[in-house]
Each structure stands twice: as structure tokens, then as C-alpha cells.
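Asks: In my numbering, the protein residues as written are -10 to 400.
1) So, with DSSP's three-state summary, where would you put residue 235?
2) Using the Cα positions of residue 212 and residue 300, report the straight-line distance between them to the nearest angstrom.
3) Quick check on this structure: which residue in 237, 334, 257 and 325 has the alpha carbon closest to the alpha carbon of residue 296?
4) Might you give, ordered along the chain, the residues of its own chain that have their beta carbon closer than 6 Å to the beta carbon of residue 91, omitting 5 neighbours on each side?
5) Looking at the structure shown, is residue 191 part of a helix, part of a strand, or coil, going by DSSP?
6) With C-beta atoms as the reference, is residue 192 less than 8 Å away from residue 176?
7) Pop quiz: residue 100 and residue 81 are said to be a contact at Cβ under 8 Å. What is the actual Cβ separation, rounded to whole angstroms?
8) May I ask you to report which of helix, strand or coil DSSP gives residue 118?
9) How would you write the range of the beta strand (DSSP E) that residue 217 sits in, first residue to last?
10) Take the Cβ of residue 326 as the centre, count every other Cβ of all protein chains shown within 10 Å, and call the residue buried at 16 or more, exposed below.
11) Does the segment 280 to 296 come into contact with the segment 234 to 252, if we say contact requires no fewer than three beta-carbon pairs (one atom in each stretch) closer than 8 Å?
12) How about residue 171 and residue 42: do their beta carbons lie closer than 8 Å?
13) Just confirm the distance between the C-beta atoms of residue 102 and residue 240, as a whole number of angstroms; I'd bet it's less than 8 Å.
14) Using 8 Å for Cβ pairs, my map puts residue 181 next to residue 320. What's the rounded Cβ distance?
15) Compute the Euclidean distance between the alpha carbons of residue 52 and residue 256, then round it to the nearest angstrom.
16) Express the C-alpha separation of residue 359 and residue 392 in angstroms, rounding to a whole number.
17) Can you grab the Cα-Cα spacing for the pair residue 37 / residue 372, in whole Å?
18) Output yes or no for whether 8 Å exceeds the beta carbon distance between residue 351 and residue 389.
19) Roughly how many angstroms lie between the CA atoms of residue 150 and residue 33, to the nearest whole one?
20) Span of the alpha helix (DSSP H) holding residue 132?
21) Have a look at 262, 363 and 354 and flag the residue whose alpha-carbon is nearest the alpha-carbon of residue 383.
22) For residue 387, is the classification buried or exposed, using 16 other Cβ atoms within 10 angstroms of its Cβ as the cut-off for buried?
23) By Cβ distance, which residues of its chain are closer than 7 Å to residue 57, with the 5 residues on each side in sequence left out?
24) Shorter than 8 Å from the beta carbon of residue 240 to some beta carbon of chain D?
25) Enumerate in chain order the residues of its own chain whose CB-to-CB distance from residue 270 is below 7 Å, with the five nearest sequence positions on each side excluded.
26) Can you give me the C-alpha to C-alpha distance between residue 396 and residue 337, rounded to a whole angstrom?
27) Here's a check: name, in chain order, each residue in its chain whose Cβ is nearer than 8 Å to the Cβ of residue 244, leaving out the five neighbours to either side.
28) Below 8 Å on the Cβ atoms is my contact criterion, and I expect residue 69 with residue 135 to pass it. Report the Cβ-Cβ distance as a whole number of Å.
29) Going by Cα to Cα distance, which pick from 328, 316 and 306 is closest to residue 30?
30) Just curious, the beta strand (DSSP E) that residue 93 is in, first and last residue?
31) Per DSSP, what are the beta-bridge partners of residue 143 in this structure?
32) Where does residue 297 sit, in a helix, a strand or coil, going by DSSP?
33) Give me, in chain order, the residues of the same chain whose beta-carbon lies closer than 6 Å to that of residue 93; leave out the 5 immediate sequence neighbours on both sides.
34) For residue 308, which three-state DSSP category applies?
35) Does the distance from the CB of residue 377 to the CB of residue 400 come in under 8 Å?
36) Kindly list the residues whose CB is nearer than 6 Å to the CB of residue 252, restricted to its own chain and excluding five residues on each side of it in sequence; keep chain order.
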């Protein structure tokens, strides 16, 4: 018995101690890089996170002009996105609520009230004509294998529009976060044109919920900037106020809850509050007797969510690493990328047209000069190719490239 204990003791004593500090450090860096590059932060060239890019690619793959059930889109997207159906479903609803790339049908929720969308099996979607025009072009897309190697997915989509600034983005990664505000569609176009003309331009956010904003500390959307937002409140009469627009990133439910709380704490005095919000915001506030509507408006801004502050942070993936860029720089990069994509598309179209002209000319020469008759007596495939090649010899200088064996075989 003693001998067995001695053997075990010597065995443990001879075991080497492994220090795993560096191992954990490497693992954490790998994890942080993955979350930053593959999940939370949008790519500056197309303005999309990987899940959004995969959704749009999947919808383009399924597109036949008709609506598809969102459940079907989610299922098809799972070929490319290995993180489950819930993340895909949430992302497609967020894109659909922005009303730019996805044509929706059914109950997709309400960004004003905070109501969620119906289940994916009940709602439908298809790409908008705008998305089909500016988002996709297989000929200018760089492809990589999907996570299981069975399919190909785009590295980035060839989007010819500053989509990131139009839709905005929000994501929390490891050690950094991204919060980019949405901007007005027409103002983005005007700013892009001004940049191409080498003119000065300014860009400020434009919020789908409306409201009032103070951009004096905006600082081009970089880290450290701040925006003050206010609801739009007006007087219906001496005893009634109405809220018709609310700050971005809040809801009518949050507004009402904060007003009730302020009233209970004695900060303001109201008699009744009604929420008539549907497609537009309408919160009716009945004031208590003898209360000044002007003072109540001041109180609403001071003590409720009728006034809020947002800190933008334009963190994006640029050159395959995170970078803090200003809104103006993002627009310039997007515009330059659009010009490059249009140039590449024209080069591809020119090449295709030249090929069409070449083959049409080859066919005309082949028939008009009756070269086909010279191959009737040829007994081998090689002699057929040589006879045709010899017959085309006088005409070769007029073609824009060298005539290859593949051209002759096709002819």
C-alpha cells in the first residue's frame, strides 16, 4: 500500500506546471476580434453588419418578385449565418422598419410605440426596387465560402449609396461600441454631389420619429459628440397639451411612463393622459386646474423623457479593422466607392459588348466568305481548326484582341 502511494506521489511531482495566462490572453483577443469584425460593428463600404449582409444576399437569392414569408427568409439565411434564427429575425425586422431596402407586408411593429413585429411565419417581405438597383451586382462582388464551405457569400455588397448614414447603426462589441445616427435620404444625395463637385457640405442626422434637436456639440458624429433631442409639444387650448413628435430612441410608452412618474413625484401636475398614437404620434395631456401650460411644457422637458441626450460614436470597420471616422469622411468613402463600382460596371459592360461584336463579326466573316465550305474535306478535328484559323487570318487585324482556339471552337 505504501509503495502505491509513493508511486502516485512521484508521478504528480514529475508533472510540469502549465501557465495559461498567455493562452487566455490570445483567446480573449480572438474573441474580441470576432465580435468586432463579424457581429457588432458595420463595414464602412456597404454599411452592413454580417447578419444584415447575409439577409439581403439571401433575399436576393430567393427573389422572384413575390413576397416571401420571413420564416422562409430566416431559414435560407441560416445557410450563411451560424448564430441561430433569433438574431436573423431581429435583424430583418430592424431593416424592414427602416422602410428603405425591404418591402414589408403584415405587422412589422411600430417604432413609435415600441410594439414588436408579429411572428416570422405571419409576416412577409421582398426587396424594394431601390435595393435591387443599388445593392446587388454579382459581377462586381467579391465572394468567400460560407462557414460550412457549401455556399458562397459576399465579403461586402456593392452598394452604390451611403447606406450606413441613411439607416444608421448601433452595436456593442468588446471594448468599443458603435452608434451612428440616421440621415435624410435627399440630403445624403446632395452631400455626395457636393463632394464630387469639390464643394463644402454639412451633414446632420434626421430622425424618423421627428422632434427637435440641438447639434451644437455634434462634432461630425465622432466620439465625444452629443445631441440634445426634444419632443414637439404644442398647446391645443389652455388646459390641453399634445405631443406630436418624440425624441429618437424612445417610445410613446416610455414618454407616458416618465410623465406619470414626474406627476407622482410632484414635478408637474396633470389630470389625465391619453395615447392616440397610430401611424403618427399623438399624446394628449389634460392639465390640472389652474396649471400654466407653458410651465408644464418646461417641466416636461426638465423632468421627463420629452428631452433626452444621445452620444453618437461613428465606429466602423475600415480596412478590416475598427476605426472612428466622422460622418463627412464616411460619406466621402461611400461616394468614392460608388464611383469605383460604377466605373467597374462600365468596364464590364464594355468588355461584354466588345465580345458580342467580336463573335458577331466572326460569324459574318465565316458565312460571307464561305469558310465553312473549306472544312468539308477536313478529316481531323485539328485540320478543321487550322482551316478556319487560316481563313480568318486576313481579317484578324480588325479585331480588338487575338482570336483564340476557344473562339474558333465556339464558331
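Note that beta-carbon positions come from the ideal geometry of N, C-alpha and C, so glycine has one too.
This structure is a prediction, so every number in the text was calculated from the model and none was measured.
Replies: This is what the structure holds:
1) Counting from one through the chain shown, the residue named residue 235 turns up at place 246. If DSSP states are grouped into helix, strand and coil, residue 235 belongs with coil.
2) Within the chain shown, the letter at position 223 stands for residue 212. Within the chain shown, the letter at position 311 stands for residue 300. Approximately 8 Å, taken between the alpha carbons.
3) The residue you call residue 296 lines up with position 307 of the chain shown. Between residue 296 and the set 237, 334, 257 and 325, the nearest pair of CA atoms involves 237.
4) Walking along the chain shown from the start, residue 91 turns up at place 102. Apart from sequence neighbours up to five positions away, the residues of its chain that approach residue 91 with a beta-carbon distance below 6 Å are 84, 85 and 114, ordered along the chain.
5) Locating residue 191 in the chain shown gives position 202, counting from the first residue. If DSSP states are grouped into helix, strand and coil, residue 191 belongs with coil.
6) Start at 1 with the first residue of the chain shown, and residue 192 comes out as number 203. Start at 1 with the first residue of the chain shown, and residue 176 comes out as number 187. A Cβ-Cβ contact shorter than 8 Å links residue 192 with residue 176.
7) Within the chain shown, numbered from 1, the residue matching residue 100 stands at position 111. Within the chain shown, numbered from 1, the residue matching residue 81 stands at position 92. With a beta-carbon spacing of about 15 Å, residue 100 and residue 81 fall beyond the 8 Å limit used to define contacts.
8) What you label residue 118 is simply residue 129 of the chain shown in a count that begins at 1. DSSP places residue 118 in helix when its eight states are reduced to three.
9) Working through the chain shown from its first residue, we reach residue 217 at position 228. Run containing residue 217: 215 to 219, per the beta strand (DSSP E) assignment.
10) To locate residue 326, count along the chain shown from 1; it is residue 337. If you draw a 10 Å sphere on the C-beta of residue 326, you find 16 or more other C-beta atoms in it, and that means buried.
11) Contact check between the segment 280 to 296 and the segment 234 to 252: three or more CB pairs, one atom from each, fall below 8 Å, which counts as touching.
12) Residue numbering aside, residue 171 sits at position 182 when the chain shown is read from its first letter. Residue numbering aside, residue 42 sits at position 53 when the chain shown is read from its first letter. Going by C-beta atoms, residue 171 is not nearer than 8 Å to residue 42.
13) As a working mapping, residue 102 is identified with position 113 in the chain shown. As a working mapping, residue 240 is identified with position 251 in the chain shown. With 8 Å as the limit, residue 102 and residue 240 qualify as a contact, their Cβ atoms being about 6 Å apart.
14) Within the chain shown, the letter at position 192 stands for residue 181. Within the chain shown, the letter at position 331 stands for residue 320. Contact holds; Cβ gap of about 7 Å.
15) Looking up residue 52 in the chain shown gives position 63. Looking up residue 256 in the chain shown gives position 267. Answer to the nearest angstrom: the Cα atoms are 55 Å apart.
16) The count along the chain shown starts at 1 and reaches residue 392 at position 403. The count along the chain shown starts at 1 and reaches residue 359 at position 370. Roughly 18 Å separates the two Cα atoms.
17) As a first step, residue 37 must be located in the chain shown, where it is residue number 48. As a first step, residue 372 must be located in the chain shown, where it is residue number 383. The straight-line gap from Cα to Cα measures roughly 56 Å.
18) Taking the chain shown and counting its residues from 1, the one referred to as residue 351 is at position 362. Taking the chain shown and counting its residues from 1, the one referred to as residue 389 is at position 400. Between residue 351 and residue 389, the CB-CB gap reaches or exceeds 8 Å.
19) As a first step, residue 150 is located in the chain shown; it is residue number 161 there, counting from the start. As a first step, residue 33 is located in the chain shown; it is residue number 44 there, counting from the start. Put simply, the backbone Cα of residue 150 is about 11 Å away from that of residue 33.
20) As a first step, residue 132 is located in the chain shown; it is residue number 143 there, counting from the start. First-last for residue 132: 132 to 134, but that is the beta strand (DSSP E), not the alpha helix (DSSP H).
21) The residue labelled residue 383 in the question sits at position 394 within the chain shown. Out of 262, 363 and 354, 354 has the C-alpha closest to the C-alpha of residue 383.
22) Locating residue 387 in the chain shown gives position 398, where the first residue counts as 1. Exposed is the call here.
23) Along the chain shown, read from residue 1 onward, the residue named residue 57 stands at position 68. So the qualifying residues of the chain are 51, 113, 114 and 115.
24) Given the protein chain composition of this structure (a single chain), no chain D is represented.
25) In the chain shown, the residue the question calls residue 270 occupies position 281. Residues 101, 232, 233, 234, 235 and 241 of the same chain have their beta carbon placed closer than 7 Å to that of residue 270, with the five preceding and five following residues left out of the count.
26) Position 407 of the chain shown holds residue 396. Position 348 of the chain shown holds residue 337. One C-alpha to the other measures close to 19 Å.
27) Position 255 of the chain shown, counting from 1, holds the residue named residue 244. These residues qualify, in order along the chain: 220, 232, 235, 272, 293, 294 and 295.
28) For the purposes of this step, residue 69 is taken as the residue at position 80 of the chain shown. For the purposes of this step, residue 135 is taken as the residue at position 146 of the chain shown. At roughly 5 Å, the Cβ-Cβ gap stays under 8 Å, so residue 69 and residue 135 are in contact.
29) Indexing the chain shown from 1 puts residue 30 at position 41. The candidate whose alpha carbon is nearest that of residue 30 is 306.
30) The count along the chain shown starts at 1 and reaches residue 93 at position 104. Its beta strand (DSSP E) spans residues 91 to 94.
31) Your numbering for residue 143 matches position 154 in the chain shown. For residue 143, which the question treats as bridged, DSSP gives the partners 132.
32) Position 308 of the chain shown, counted from the start, is the residue given in the question as residue 297. DSSP places residue 297 in the strand class (E or B) of the three-state scheme.
33) By one-based count along the chain shown, residue 93 stands at place 104. 85 and 114, listed in sequence order.
34) Stepping through the chain shown from its first residue, residue 308 is reached at position 319. In this structure, residue 308 counts as coil in the three-state DSSP scheme.
35) Along the chain shown, one-based indexing puts residue 377 at 388. Along the chain shown, one-based indexing puts residue 400 at 411. In contact: residue 377 and residue 400 (Cβ atoms closer than 8 Å).
36) By one-based count along the chain shown, residue 252 stands at place 263. These residues qualify, in order along the chain: 259.
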